Each structure stands twice: as structure tokens, then as C-alpha cells.
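Everything on this sheet refers to the single structure shown next.
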Amino acid sequence: MKTHLMYLLVLCFTFFATAHATDKVKASKKADSSCSYFNDLNGKYYCVETSSTCDIAHAWYKESGSTAPAQLIVLSKTGGSTCTLFEGSATLPGGGYIVVYVQTCNCGSTLTTNVNFH
């Protein structure tokens, strides 16, 4: 009897956990991805992927054609009223740095990415 009760409890917990996990609302975020960002300083193209929701945005970058994993750039909220602005930078391996700007409106339903190299 104890075995059946334990089995029933595990089964009920599994169903509850699965139902709860699938019940969560998925964010309708937009993403922006391009490998056409050219760095005049070193003559290389970079791939940058950004995405955002209401109050958070992130960017990943890597040299175009590279097999190395993309690197994360932490973006900080810099302002905005109707639309939210984010900015972040990272030092590039050969020197200089990449700066990524993201503007998102309506909690990520629209997203604009700008990239500069210094």
C-alpha cells in the first residue's frame, strides 16, 4: 500500500510540475541578428545578435566566420520614455572595443540595434 501511495504522489507531482511549466506565458521578444558589422580599425566583420524584453536586453558577438563561441555583452538601461535604450561594450581580442546600442519599444516587440567600434 505504501508503494502505491508513494507512486501516486510522485505521479501527481509530475503532472502538476509539467502543467505549471507549460502554463507560463512565453515572452514575445524580438531578436536582431546580423554579421554585417564592419570594424574599420581591424578590417573584420562581426556578427552581433541582440534581444530584449521590457527591462532587460543582451547582446552576443563574435568575429564573422569564427568557430569560437559568441561572447556576451552586458547591456545597461540608459534611458527612454516610450522606448527603452540599452548600451554595452566589450574589449576586442586584438585591441579596441565594440559598443552595442539597443532601442526597444513596447516591451521588446520592436528592436533596433546599432554597433560602433572604437
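Counted from 1, the sequence shown has number 111 at position 112 by numbering that gives the first Met the number 0; the numbering is strictly sequential.
For every residue, glycine included, the Cβ atom is placed at its ideal position computed from N, Cα and C.
Nothing here was measured: the structure is a model prediction, and the numbers come from that model.
Assuming contact is defined by CB atoms lying nearer than 7 Å, are Ala67 and Trp59 in contact in what I supplied?
As a position in the sequence shown, residue 67 is number 68, starting the count at 1. As a position in the sequence shown, residue 59 is number 60, starting the count at 1. Contact: no.
Output yes or no for whether 7 Å exceeds the beta carbon distance between Val114 and Tyr44.
If you number the sequence shown from 1, residue 114 lands on position 115. If you number the sequence shown from 1, residue 44 lands on position 45. Their beta carbons are not under 7 Å apart, which means Val114 does not touch Tyr44 by this criterion.
Reducing DSSP to helix, strand and coil, say where Asn38 ends up.
Residue 38 sits at position 39 when you count from the first residue of the sequence shown. If DSSP states are grouped into helix, strand and coil, Asn38 belongs with the strands.
Start and end of the beta strand (DSSP E) containing Ile97?
Sequence index remark: in the sequence shown, residue 97 carries index 98 (1-based). Unbroken beta strand (DSSP E) run through Ile97: Tyr96 to Cys104.
Skipping 5 residues on each side, what residues in its chain have a beta carbon closer than 8 Å to that of Gly95?
The residue labelled residue 95 in the question sits at position 96 within the sequence shown. Asn38, Leu40, Asn41, Phe116 and His117.
Compute the distance between the beta-carbons of Thr52 and Cys106, then report whether it is under 7 Å.
Mapped onto the sequence shown, residue 52 falls at position 53. Mapped onto the sequence shown, residue 106 falls at position 107. The answer is yes: Cβ separation under 7 Å.
Going by beta-carbon coordinates alone, are Cys34 and Ser63 separated by less than 7 Å?
Along the sequence shown, one-based indexing puts residue 34 at 35. Along the sequence shown, one-based indexing puts residue 63 at 64. Result yes, Cβ atoms of Cys34 and Ser63 sit closer than 7 Å.
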